[in-house]
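S.K.: I'd like to ask some things about the structure below.
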């Protein structure tokens with residue numbers, strides 16, 4: 007497993023997970039975790055600028071977190087989730103990360119998870135597809151859990167095993183439970 011602190015771009019851009027989850031538009035946090043992570047938005051900015059390019063040339067997830075021998079790229083979405091935007095952020099962030107550490111895609115496929123943390127309350131029903139209604143999501147999650155699988159939203163299930171070891175789409179409440187389990 008790589009040591010993120012061994013890469014100056016990661017070491018210089020540390021932050022609290024809480025701070026990377028902040029929705030500045032609404033002044034709301036998606037988590038209050040004080041866990042130390044890498045602010046990947048800042049990494050992307052510096053990476054692009056070091057190439058003499060604008061940070062607008064790429065998109066990025068909010069955080070890179072190291073845990074129990076693995077790595078997680080984490081995107082927080084407090085409002086409506088745009089599937090194309092999430093997929094672009096996953097792709098751009100993964101490419102930047104792999105270039106920085108000098109590894110290839112097989113590294114992320116065995117060592118990295120991708121998380122989208124969303125606010126179910128902020129996804130208004132009239133703008134959601136039927137398969138993303140809160141009650142249908144809840145029922146799907148229950149059925150998948152009983153079968154020993156996890157329900158993955160937003161068309162991201164195709165990235166599991168292709169780009170990432172695992173993919174998770176958690177409500178902010180479920181993510182807080184996940185973080186509590188990590189600490190125990």
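In this note's numbering, the protein residues as written are 7 to 190.
Each residue gets a CB set at the ideal place from its N, CA and C atoms; glycine is no exception.
Are the beta-carbon atoms of residue 46 and residue 69 separated by less than 8 angstroms?
M.R.: yes
S.K.: Between which two residues does the alpha helix (DSSP H) holding residue 47 run?
M.R.: 46 to 56
S.K.: Should residue 192 go down as buried or exposed, given a rule of 16 or more other Cβ atoms within 10 Å for buried?
M.R.: Because the chain is modelled from 7 through 190, residue 192 falls outside the range shown and cannot be assessed.
S.K.: Counting only the same chain and skipping the five closest in sequence on each side, list residues whose C-beta sits under 7 angstroms from that of residue 160.
M.R.: Within its own chain, the residues whose Cβ lies closer than 7 angstroms to the Cβ of residue 160, once the five positions on either side in sequence are excluded, are 87, 89, 92, 122 and 175, listed in chain order.
S.K.: In three-state terms, what does DSSP make of residue 160?
M.R.: coil
S.K.: If I follow the unbroken alpha helix (DSSP H) through residue 95, where does it start and stop?
M.R.: 89 to 107
S.K.: Buried or exposed for residue 116, going by 16 or more other Cβ atoms inside 10 Å?
M.R.: exposed
S.K.: Can you name the start and end residues of the alpha helix (DSSP H) that residue 74 belongs to?
M.R.: Per DSSP, residue 74 lies in no alpha helix (DSSP H) segment and is marked neither H nor E.
S.K.: So, using beta-carbon positions, are residue 170 and residue 119 closer together than 8 angstroms?
M.R.: yes
S.K.: Among 66, 50 and 67, which residue has its Cα nearest to the Cα of residue 59?
M.R.: 50
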